[in-house]
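To convert, take the position in the sequence shown, counting from 1, and add 8; that gives our numbering.
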Amino acid sequence: MTDYFPYENLRPNQRDFIELVSKAVENGENVIIEAPTGFGKTVSVLAGVLPHAKEMGYKVLYLARTHRQMDRVIEELKAIRGKSPVSGVELRSRKDLCLHTYLTQFTSDAYTAMVVCKNLKKLGKCEFYENEKKKKAEFDELVRFFLGEPSHPAEILDYSQTLELCPYDLTKRIAEKADVIVASYLYLLSPTIRENFISSLDVDYSDLIVVFDEAHNLPDQAISALSDKISINTINRAIKEADEYNEHEIANFLSILGRGLEILFQEKLANRDVQETAIQPELVFSHVVEVLGLDTRWLVKTLNDMVAVGDSIREDRIEKGKPPRSYIGRVGEFLLLWLSLIGREDYLFLMSRDRGLSLELVALDPSKALGFIKDVQSAIFMSGTLTPLEAFRDVMGVENARLKKFPRMVKRENAQVLVAKDVSTRGDERSLQVYRKMVDYIVEAAKIIPKNVGVFAASYEVLQGLLSANLQVRLEETGKAVFIEKQGVSSAENDLMVAQFKAHARGNGAVLLGVMGGRNSEGQDYSGDEMNGVVLVGIPYARPTPRVQARIRYFERKFPEKGRYYGYYLPAHRKLVQAAGRVHRSAEEKGSIVVLDYRLLWRGIKKDLPDWMVETVRPVDLGRMRLYLKRFWAT
9 MTDYFPYENL RPNQRDFIEL VSKAVENGEN VIIEAPTGFG KTVSVLAGVL
59 PHAKEMGYKV LYLARTHRQM DRVIEELKAI RGKSPVSGVE LRSRKDLCLH
109 TYLTQFTSDA YTAMVVCKNL KKLGKCEFYE NEKKKKAEFD ELVRFFLGEP
159 SHPAEILDYS QTLELCPYDL TKRIAEKADV IVASYLYLLS PTIRENFISS
209 LDVDYSDLIV VFDEAHNLPD QAISALSDKI SINTINRAIK EADEYNEHEI
259 ANFLSILGRG LEILFQEKLA NRDVQETAIQ PELVFSHVVE VLGLDTRWLV
309 KTLNDMVAVG DSIREDRIEK GKPPRSYIGR VGEFLLLWLS LIGREDYLFL
359 MSRDRGLSLE LVALDPSKAL GFIKDVQSAI FMSGTLTPLE AFRDVMGVEN
409 ARLKKFPRMV KRENAQVLVA KDVSTRGDER SLQVYRKMVD YIVEAAKIIP
459 KNVGVFAASY EVLQGLLSAN LQVRLEETGK AVFIEKQGVS SAENDLMVAQ
509 FKAHARGNGA VLLGVMGGRN SEGQDYSGDE MNGVVLVGIP YARPTPRVQA
559 RIRYFERKFP EKGRYYGYYL PAHRKLVQAA GRVHRSAEEK GSIVVLDYRL
609 LWRGIKKDLP DWMVETVRPV DLGRMRLYLK RFWAT
């Protein structure tokens with residue numbers, strides 16, 4: 009243990025954590041661990057897995073949700089490297105690790121980037137790939153260099169740019185021999201990406217030790233990786249593309265398919281006050297099958313032909329320097345998947361109003377993304393919010409697992425949790441009057457809590473309700489700057505906004521408005537005065553849409569008497585606890601948590617909260633909140 013723990017002193021319980029992980033890896037077991045913020049989970053899990061991994065030749069895959077979390081692993085590996093030899097590399101997407109202007113300009117998702125990269129190499133149009141052969145000695149020397157020192161992607165990019173070599177291929181070559189590979193969840197959760205990734209490493213699953221950091225994100229991330237969606241606009245563009253490339257049979261097929269979908273849309277959604285509805289999957293093909301007289305075999309053949317034509321079109325567009333898309337290929341791939349999933353109970357087939365008309369495949373069972381876990385040497389799942397651990401184990405289908413919850417680090421005198429007993433975001437209680445009362449709470453809290461404060465709403469709808477009640481103007485009147493999280497902005501834009509928010513901690517302070525379950529309430533670290541308090545507006549229960557109701561029904565069949573709790577209540581409670589945890593990044597930091605929803609006082613909800621929150625909860629009205637906050641911060 010000491011060989012791979014780089015610091016002089018262990019924090020409380022770190023030794024137990026390291027020994028637990030070490031024994032599990034040695035015995036080929038899985039581990040599910042809840043350990044509080046500030047515990048030092050990253051370095052502890054590395055110290056636990058590396059001795060056995062190095063001795064037995066296992067490769068460690070360390071998976072996280074955000075680039076910031078992945079960078080933190082490299083920092084810990086650098087510290088370990090100062091004590092013991094260890095190699096590590098951080099994988100990013102091709103788009104993040106590419107110097108070719110065509111790929112960076114014209115691709116936006118991992119799959120398209122993979123296809124474009126493959127075609128650019130095939131056509132001899134990537135000078136950086138061609139240079140790997142011409143500069144083989146320099147390439148191999150860089151691999152040896154980075155195996156000697158764990159490095160951030162920016163460092164690899166700099167060297168690659170200087171020598172005009174492909175940084176993505178360089179990173180992959182380093183990964184083949186590195187002890188630790190740090191990557192996004194998507195590398196293992198997406199079936200297509202996973203198979204390509206494991207194949208490129210030339211390893212078996214049994215050679216792997218997998219670490220899932222911030223594992224409370226896994227259920228939602230797995231569902232997202234297994235789901236897919238397409239719009240009628242894409243189908244219409246595919247028709248135009250087919251005409252452009254003289255694929256008349258495909259154009260005819262898609263035109264009839266599109267007409268059938270429009271008929272189905274009129275029947276299912278056009279005259280109803282709903283945004284989405286479940287449909288029988290066979291209905292999508294009924295019109296085209298009837299008109300063209302296709303059977304299933306010919307339908308599959310047609311869709312496979314579309315996929316092949318799509319590949320040819322992408323190659324043609326790359327040669328002409330045009331964006332490498334193919335709408336025909338995209339529609340063919342989606343419909344093949346749709347067809348293959350008919351009859352599966354773990355999928356919901358949806359039609360929605362999104363962008364006019366959309367078809368969506370919604371996965372219901374996140375455990376389907378982790379089927380490979382049974383084949384790895386050991387998998388470690390860790391987070392600050394996994395309570396109850398048995399529920400996480402069940403939902404994610406983790407077998408042969410040890411469960412361990414480590415005690416809190418937050419000192420009781422440094423935490424206060426105040427719950428407003430006269431407001432809630434329950435659907436039937438929302439009104440402008442209630443939002444105005446909530447604004448009064450938020451403004452008073454922002455005045456009293458020093459420096460920076462976070463306000464995280466149950467949803468963007470609730471956040472908009474607060475803004476309509478004049479929240480932004482009233483906060484600005486306190487003298488604090490106001491920053492508002494926006495949907496759809498890039499990670500770079502959001503990171504810049506958060507950096508500006510944090511900088512105000514050195515001045516009069518600022519208020520950050522966002523949502524629970526968002527990147528700023530979960531994926532960000534705020535230290536010192538960067539977030540001395542949070543106001544949590546409501547409990548982030550999902551709206552009872554067809555997809556939410558389908559997931560509850562599926563879970564009720566899979567987990568009798570626990571389905572609604574596993575599929576609906578618990579995910580919301582975890583998001584709330586994650587947002588609350590932004591204020592305590594170490595045992596010594598003080599922080600106030602104000603919850604604007606009296607339901608948090610209910611026993612059924614409190615049982616899902618960490619001990620430090622339950623022990624410090626006080627019901628308040630506006631006057632008592634003001635009093636308690638002043639007392640807390642006076643000391």
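For glycine and all other residues, C-beta sits at the position ideal for the given N, C-alpha and C. Nothing here was measured: the structure is a model prediction, and the numbers come from that model.
Pick from the options that is closest to residue i, judged by C-alpha positions
i    : options                   : result
G268 : F509, H108, Y549 and L291 : L291
V29  : L171, K413 and L302       : K413
L18  : S52, R514 and M78         : S52
A230 : L111, L344, V297 and L71  : L71
L521 : G515, L483, P552 and V427 : L483
F357 : L343, R363 and Q385       : L343
L411 : A428, I388 and M417       : I388
T109 : E353, T433 and I326       : I326
T45  : R611, L635, E597 and V628 : E597
E421 : S600, V124, E146 and K142 : S600
E564 : D619, Y335 and D354       : D354
H75  : R582, S499, G631 and S208 : S499
V370 : F509, L345 and K429       : L345
L105 : V68, S232 and A191        : A191
D436 : R551, Y253, P579 and T170 : R551
V418 : D303, R333, Q283 and P618 : P618
S467 : V490, G525, S101 and L426 : G525
E84  : T112, A32 and E157        : E157
N460 : Q495, V384, L426 and G541 : G541
P374 : M404, M390 and Q385       : M404
D117 : L302, G132, R100 and K494 : R100
S391 : T304, A250, I492 and K583 : K583
V308 : S348, D319 and V282       : S348
K185 : G340, Q169 and V211       : V211
Residue-chain proximity (residue i, chain C), Cβ-Cβ < 8 angstroms
i    : result
A286 : The chain inventory of the structure shown lacks chain C, comprising one protein chain alone.
Within 8 angstroms, strictly: CB atoms of residue i and residue j
i    : j    : result
G90  : P14  : yes
I547 : D605 : yes
E172 : E140 : no
V645 : D187 : The chain is shown only over 9 to 643; residue 645 falls outside these bounds and no answer can be derived.
V57  : I189 : no
L178 : L150 : yes
Y636 : V625 : no
A61  : I26  : no
F205 : I182 : no
A454 : T486 : yes
F114 : P458 : no
L608 : V447 : no
S235 : V384 : no
G318 : I336 : yes
Buried versus exposed, by CB contacts within 10 Å (16 or more), residue i
i    : result
M64  : exposed
Y12  : buried
I271 : exposed
K382 : exposed
G517 : buried
Y119 : exposed
E538 : buried
Q274 : exposed
W610 : exposed
K615 : exposed
N127 : buried
W620 : buried
G329 : exposed
E407 : exposed
V282 : exposed
8 angstroms CB neighbourhood of residue i in its chain, flanking five on each side removed
i    : result
I264 : H295, V296, V299 and L300
Q532 : R76, V506 and R590
G266 : I240, I243, N244 and I247
A87  : P14, Y15 and V51
Contact set for residue i: own chain, Cβ-Cβ below 7 angstroms, skip 5 residues either direction
i    : result
L277 : T285, M359 and R361
R233 : Residue identity check: residue 233 is Ala in the sequence provided, not Arg. Result list for A233: L194, L197, S198 and A377, in chain order.
Same chain only: Cβ atoms within 6 angstroms of residue i, ignoring 5 sequence neighbours per side
i    : result
Y137 : K129 and C174
K429 : Y606 and P627
The segment 37-44 / the segment 399-406 touching (three or more Cβ pairs under 8 angstroms): Three or more beta-carbon pairs drawn from the segment 37-44 and the segment 399-406 are found closer than 8 angstroms, and the two stretches are therefore classed as touching.
The segment 550-559 / the segment 573-590 touching (three or more Cβ pairs under 8 angstroms): Touching, yes, given that three or more Cβ pairs across the two stretches are closer than 8 angstroms.
Touch test, the segment 428-448 against the segment 465-479, Cβ-Cβ under 8 angstroms, three pairs minimum: Short answer: they touch.
Contact between the segment 228-243 and the segment 304-314 (3+ Cβ pairs under 8 angstroms): No: the two stretches stay apart, fewer than three of their Cβ pairs being nearer than 8 angstroms.
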